[in-house]
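Numbering (UniProt numbering), first residue to last: 1 to 515.
Shown next, in structure tokens, is the structure this report addresses.
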């Protein structure tokens with residue numbers, strides 16, 4: 001049976017991941033934002049107080065390693081995704097795919113447990129139709145992934161030459177939308193949705209998600225939504241083609257505190273000239289200024305949409321909602337100092353669970369914990385550690401008051417730089433040590449430890465533990481995925497080869513459940 005107490009009714013699960021937003025940018029975490037006015041987030045505040053929020057949750061330093069960690073429940077010594085643009089090499093050359101290094105994914109868990117699943121938004125761990133290797137039933141990707149982007153019949157965006165790499169197609173205004181395996185298009189692995197200049201990518205994503213939730217309810221199946229939003233990430237936007245990487249405005253919102261409802265005002269963008277020219281200007285109606293605050297508030301609106309749909313279909317009490325982010329905000333992301341790029345929100349809301357912690361939780365968690373947590377919520381079986389190494393620890397026993405503690409350390413990385421935090425000490429990617437026994441309000445102003453010889457006995461014990469963690473996960477392979485976590489120049493012994501074969505055979509037997 002599942003972890004929730006609903007008789008014969010497995011809980012739905014919704015995971016929403018923001019893009020490049022630190023915990024410090026949310027009011028519930030203190031809202032010490034450096035960018036403009038602080039956001040107002042009544043729904044996120046409600047989820048965090050009626051549910052709970054983890055005071056110290058870590059991502060990795062940048063996007064792609066974090067998404068690999070969430071997808072797999074593993075650190076980079078196994079996934080080989082150490083940094084954006086720094087990956088292990090596959091046998092075929094090129095990037096070592098997560099689905100190869102870590103075939104047990106959150107999508108595969110959902111499949112094993114009998115869930116309907118959809119992955120929506122930004123991927124950054126796959127290309128094109130290969131999303132199916134992660135186990136999801138459906139997908140909606142904005143922009144469409146590079147592998148298949150050239151098949152789009154809509155060329156309005158690629159004509160703007162200053163839009164390169166992730167900005168070569170829009171994910172906000174006038175988005176490129178790739179819809180994968182939708183029942184309206186049987187036999188087609190993906191289709192392209194036609195959009196217009198006043199269409200907003202996050203709205204289109206939510207339309208697909210809410211429709212998927214209703215369909216799943218009608219089919220009598222529990223659902224898993226993995227919503228990897230672009231909101232929070234700076235962009236060169238379609239309606240502001242000359243802007244240097246800003247936070248494009250969102251549709252304007254109004255919050256009614258008495259009824260606890262949002263009103264979204266219909267946006268309109270008018271182009272004063274051909275849209276394939278940089279000289280063209282745009283008139284905007286019902287669109288906010290370009291500021292991070294408004295993108296955070298739009299996430300709040302979307303979480304309100306989730307709650308309203310869950311109430312409408314009678315599933316609010318039977319759903320677990322998890323909200324987090326992939327790394328810190330611009331100006332903090334990619335930093336290896338203290339926990340500036342690592343400290344992200346982690347909010348869990350489970351209104352149907354009677355024994356559930358509430359409010360701020362002073363525990364340590366990193367995003368490798370999500371996969372085992374989801375497995376326990378869904379009732380999916382996990383292989384033993386000997387069969388398949390997972391680095392995360394399920395939060396569910398702590399969240400449901402079965403245990404008073406969670407874990408003693410959390411871990412992150414950027415290339416060969418490692419960061420570890422315990423309850424008393426933090427060792428950052430520069431090799432500096434910080435005293436985190438007395439939490440500062442901004443989670444950054446830790447006192448430096450100048451002399452390790454002055455550590456107290458409890459701190460000395462924790463330092464020894466951190467040193468072991470650093471040694472265990474240190475990067476030792478530079479050329480490929482099959483180093484067995486040792487010096488890649490040394491050949492494996494026959495007994496080591498046999499051990500690897502046995503592990504692979506056990507894992508393959510376990511993964512046969514997904515077929």
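Backbone N, C-alpha and C fix where the C-beta goes; we use that ideal spot for every residue, glycine too.
(message) Ignoring anything shorter than 4 residues, give me the alpha helix (DSSP H) runs that lie fully in the stretch 5-45, in order along the chain.
(response) none
(request) Pick helix, strand or coil for residue 173, following the three-state DSSP scheme. (result) strand
(request) Please go through the same chain and pick out, in chain order, the residues whose beta-carbon is closer than 6 angstroms to the beta-carbon of residue 16, but skip the five residues on each side of it. (result) 227 and 323
(message) Ignoring anything shorter than 4 residues, give me the alpha helix (DSSP H) runs that lie fully in the stretch 51-137, in order along the chain.
(response) 63-72, 76-79, 98-101 and 106-112
(request) Give the single residue among 52, 113 and 225 whose Cα lies nearest to the Cα of residue 346. (result) 52
(message) Does the structure place the stretch 339-358 close enough to the stretch 40-57 that three or more beta carbon pairs sit under 8 angstroms?
(response) yes
(request) Return the CA-CA distance between residue 517 and residue 22, expressed in angstroms with no decimal places. (result) Nothing about residue 517 can be read from this structure; the chain reaches only from 1 to 515.
(message) Measuring CB atoms only, is the stretch 400-408 touching the stretch 101-117, in the sense that at least three cross pairs come out at less than 8 angstroms?
(response) no
(message) So for residue 211, helix, strand or coil by DSSP?
(response) helix
(message) Can you tell me whether residue 298 is helix, strand or coil according to DSSP?
(response) helix
(request) Would you please verify whether the beta carbon of residue 311 is less than 8 angstroms from any beta carbon of chain C? (result) Within the model displayed, chain C is absent; a lone protein chain is all it includes.
(message) Taking a contact to mean a Cβ-Cβ separation below 8 angstroms, would you say residue 285 touches residue 247 in this structure?
(response) no
(message) Tell me the rounded alpha-carbon separation between residue 184 and residue 209.
(response) 15 angstroms
(message) Among 259, 230, 335 and 364, whose alpha-carbon lies nearest the alpha-carbon of residue 298?
(response) 230
(request) Check whether the Cβ atoms of residue 96 and residue 87 sit closer than 8 angstroms, and answer yes or no. (result) yes
(message) Per DSSP, what are the beta-bridge partners of residue 225 in this structure?
(response) 14 and 118
(request) Taking all protein chains shown into account, decide if residue 335 is buried (16 or more other Cβ within 10 angstroms of its Cβ) or exposed. (result) buried
(message) For the structure I just gave you, are there three or more beta carbon pairs, one from the stretch 368-380 and one from the stretch 63-79, closer than 8 angstroms?
(response) yes
(message) I'd like the list of long-range same chain contacts for residue 364, defined as Cβ closer than 6 angstroms, with 5 residues on each side in sequence excluded.
(response) 56, 407 and 410
(request) Examine the ligand PLP and report whether any of its heavy atoms sits within less than 7 angstroms of the Cβ of residue 211. (result) Although the ligand PLP was asked about, the structure shown includes no ligands whatsoever.
(message) Taking the beta carbon of residue 194 as the centre, do at least 16 other beta carbons fall within 10 Å, making it buried, or is it exposed?
(response) exposed
(request) Return yes when the Cβ of residue 326 is within less than 8 angstroms of the Cβ of residue 24, no when it is not. (result) no
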